[in-house]
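Colleague: After the structure tokens below, expect a handful of questions from me.
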Amino acid sequence: MQRLVFLGPPGAGKGTQAAALAQVLGIKHLSTGEILRSHVAAGTPLGREAEGFMTAGQLVPDRLVLAMLEAELRAPAASAGFLLDGFPRTLAQAEALDGLAPLDRVIFFDIGEGTLLERLTQRRHCPQCGLVYNLVTKPPATPGRCDQDGTPLVQRSDDREDAVRTRLRVYQEQTAPLLEFYTRQGRLRRLDANGPVEVVATRLRAALG
Ligand code: ADP
Ligand code: AMP
């Protein structure tokens with residue numbers, strides 16, 4: 003049973019590494035961003051409340067995200083362990099999570115801010131299967147189409163430059179303080195998130211022992 007958290011700025015590569023690692027470890031990958039986007043796409047009450055915050059690059063209010071996450075953690079799919087990607091993002095969320103589930107390790111994706119804007123503005127994904135691409139570092143074989151199912155790739159509305167700048171500021175203001183919170187708990191491991199995907203994956207396995 004492993005309970006892991008990936009912490010780090012938007013674009014650090016958390017989702018890319020989490021998808022692969024969760025499969026290897028046989029644990030549930032819980033990306034709060036992805037779950038929220040599926041609520042937006044389905045037009046649920048939560049999705050309708052969250053959408054404006056997300057498009058602007060702001061955080062969705064804690065009470066909404068916490069209620070959503072609690073339900074996900076209680077689901078049978080998470081009973082064998084989980085990997086949280088994009089949660090917690092505020093001190094209130096981290097404190098609430100402490101009361102919900104004991105964590106084994108928090109991995110901090112440490113990366114220079116200069117890389118993030120380029121990674122995010124070049125990110126595209128398949129709306130059908132969710133695969134994530136990058137026009138520079140992981141382009142699809144056929145331009146604009148998913149390798150897996152041929153669906154036209156799309157850009158997230160919050161990956162446009164103005165929203166990205168807001169998200170990077172919000173990260174510094176609201177999420178970066180969690181580094182100290184988890185350092186004090188003795189759970190934080192720093193991961194050098196610069197370099198190619200496979201190199202980071204190797205470092206990640208080493209960090210997890
Ligand atoms: P996060 O989940 O932290 O926001 P993603 O995993 O979605 O970040 O990665 C952001 C973008 O950068 C995507 O387009 C992804 O393909 C690309 N990417 C992820 N890891 C790397 C890496 N190590 N080197 C280059 N590009 C990467
Ligand atoms: P992500 O896919 O992790 O980049 O998240 C996309 C967006 O979803 C964020 O910019 C927020 O608007 C929202 N979001 C995701 N996770 C959280 C969270 N833990 N708390 C608040 N908002 C979140």
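In this text, residue positions in the sequence shown follow this note's numbering: the first is 3, and each later residue adds one. Backbone N, C-alpha and C define an ideal beta-carbon position, used for all residues, glycine too. Owing to the predicted nature of the structure, the values given are computational and were not obtained by experimental measurement.
Could you tell me if the beta carbon of A14 falls within a distance shorter than 7 Å of some heavy atom in the ligand ADP?
Modeller: Answer for A14: yes, Cβ within range of the ligand ADP.
Colleague: Is the stretch 148 to 158 touching the stretch 185 to 197, taking contact as three or more C-beta pairs under 8 Å?
Modeller: In short, these stretches do not touch, since the Cβ pair count stays below three.
Colleague: So, P63 versus R169, is the Cβ gap smaller than 8 Å?
Modeller: Against a cut-off of 8 Å, the Cβ pair of R169 and P63 comes out as no contact.
Colleague: So what does DSSP say about F110, is it helix, strand or coil?
Modeller: In this structure, F110 counts as strand in the three-state DSSP scheme.
Colleague: Between F183 and the ligand AMP, is the CB less than 7 Å from at least one heavy atom?
Modeller: Flag unset: Cβ of F183 not near the ligand AMP.
Colleague: Starting from Y184, trace the beta strand (DSSP E) in both directions and tell me its first and last residue.
Modeller: Not the beta strand (DSSP E): Y184 falls in the alpha helix (DSSP H), residues 180 to 187.
Colleague: Can you tell me where the beta strand (DSSP E) holding K30 begins and where it ends?
Modeller: Note, K30: beta strand (DSSP E), 30 to 33.
Colleague: Taking the DSSP output, what are the residues bridged to Q4?
Modeller: Paired residue(s): G83.
Colleague: At a cut-off of 7 Å, would you count T18 as near the ligand ADP, judging by its Cβ distance to the nearest heavy atom?
Modeller: Flag set: Cβ of T18 near the ligand ADP.
Colleague: Rounding to the nearest angstrom, what Cα-Cα distance links E200 and R125 in this structure?
Modeller: Roughly 18 Å between the two C-alpha positions.
Colleague: Might you give, ordered along the chain, the residues of its own chain that have their beta carbon closer than 6 Å to the beta carbon of G88, omitting 5 neighbours on each side?
Modeller: S33, T34, G35.
Colleague: Do V166 and H127 count as a contact pair if the criterion is CB distance below 8 Å?
Modeller: Not in contact: H127 and V166 (Cβ atoms no closer than 8 Å).
Colleague: Are the stretch 81 to 96 and the stretch 115 to 123 touching, with three or more C-beta to C-beta distances below 8 Å?
Modeller: The answer is no - the stretch 115 to 123 does not touch the stretch 81 to 96, with fewer than three Cβ pairs under 8 Å.
Colleague: I'd like the list of long-range same chain contacts for L137, defined as Cβ closer than 7 Å, with 5 residues on each side in sequence excluded.
Modeller: The residues are Q124, R126.
Colleague: Tell me the DSSP secondary structure of D161 in three-state form.
Modeller: Looking at D161 - three-state DSSP - the assignment turns out to be helix.
Colleague: With DSSP collapsed to three states, give me the class of V156.
Modeller: Correct three-state label for V156: strand.
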